[in-house]
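Peer 1:
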Amino acid sequence: MRTLDAMLETSPWFVALGAPARERVRTSLVVREYPTTAFVCRKGEPSDHWIGVIEGLVKLNALSPSGKCVTFTGVPAGSWFGEGSVLKREARKYDVIALRASRVVLMPEATFHWLLDTSFSFNRHLLMQLNERVGQFIGMVEHERLLEPDAKVARALASLFNPQLYPATGPQIQISQEELGYLAGVSRQRVNQALQQLEKAGLVKAEYSAVTILDLDGLRCFEG
DNA sequence: GCATTAACACGTA
DNA sequence: TACGTGTTAATGC
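The opening position of the first sequence corresponds to residue 60 in our numbering, with each subsequent residue numbered one higher.
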């Protein structure tokens with residue numbers, strides 16, 4: 060995923076639009092670049108855009124009053140997020156931070172609501188995406204309460220490769236073990252141990268600041 | 001017992 | 001140099 064146009068061609072709701080609507084959407088979009096650790100959005104800001112990741116990886120993040128950090132989800136290239144707050148016309152509820160150099164596309168709120176009012180394919184896509192997210196987050200609660208750390212790390216990794224939400228993701232993801240820890244809810248040291256177990260089981264290959272998935276289905280049902 | 005934090009040496013970009 | 005990794009020791013639930 061290198062360019063905005065490549066991103067749009069893999070967005071099913073966009074492909075389904077007629078030429079005039081595509082043009083209207085296309086001209087309203089703005090592309091921005093962010094270096095690693097930069098804020099794409101901050102908690103409390105107005106939600107005036109739907110956000111797509113063209114290149115890179117961003118995370119939805121929250122910081123506790125005592126300074127602890129949790130990551131709700133990582134968003135890889137090819138996917139859109141942030142519709143919840145735009146739909147409700149409320150302030151951003153979480154920080155969005157680039158995990159590595161990332162190119163992002165912003166769709167203005169006005170375009171978003173116009174699509175909502177005029178395009179069945181857009182509505183259908185949004186419904187699918189929200190439904191998929193509900194399933195993902197319910198799964199997260201289940202894993203958080205029921206699974207051991209090795210399995211939590213396995214599911215956290217697998218969640219970054221949801222083909223419904225993230226259609227155009229290759230098998231390798233560039234993410235540090237510390238960030239995986241924030242995503243899985245375990246310490247960096249424990250992530251390191253878990254990755255060694257998952258590697259031994261032939262499910263992943265751990266690399267420097269990256270993980271390659273070898274067996275996605277195996278990761279999804281890994282229980283130790 | 002097991003995970004977490006802290007601390008350290010080492011390797012990599 | 002700055003950051004990520006692999007490991008160990010002390011601490012806490």
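Ideal placement from N, C-alpha and C gives every residue a C-beta, glycine not left out.
Please determine, among Val250, Ala121, Asp107, the residue with the shortest C-alpha to C-alpha distance to Glu149.
Peer 2: Asp107
Peer 1: Relative to the alpha-carbon of Asn251, which residue among Gly244, Arg183, Leu242, Glu237 has its alpha-carbon at the smallest distance?
Peer 2: Glu237
Peer 1: Answer yes if the segment 195–204 comes into contact with the segment 158–170, meaning at least three C-beta pairs across the two stretches below 8 Å, and no otherwise.
Peer 2: no
Peer 1: Curious, which full-length alpha helix (DSSP H) runs of at least 4 residues does the segment 166–228 contain?
Peer 2: 168–177, 179–205, 208–218
Peer 1: Once the 5 residues before and after Ala269 are set aside, which same chain residues still bring their CB inside 8 Å of it?
Peer 2: Gln231, Ile232, Gln233, Ile234
Peer 1: So what does Phe98 bridge to, in DSSP terms?
Peer 2: Ile156
Peer 1: With DSSP run on the structure shown, which of helix, strand or coil describes Glu104?
Peer 2: coil
Peer 1: What separation, rounded to the nearest whole angstrom, lies between the Cα atoms of Pro226 and Pro124?
Peer 2: Approximately 35 Å, taken between the alpha carbons.
Peer 1: Spatial neighbours of Val117 within its chain, please: C-beta separation below 6 Å, excluding the five flanking residues on both sides.
Peer 2: Val99, Val134, Val155, Ala157, Ser161
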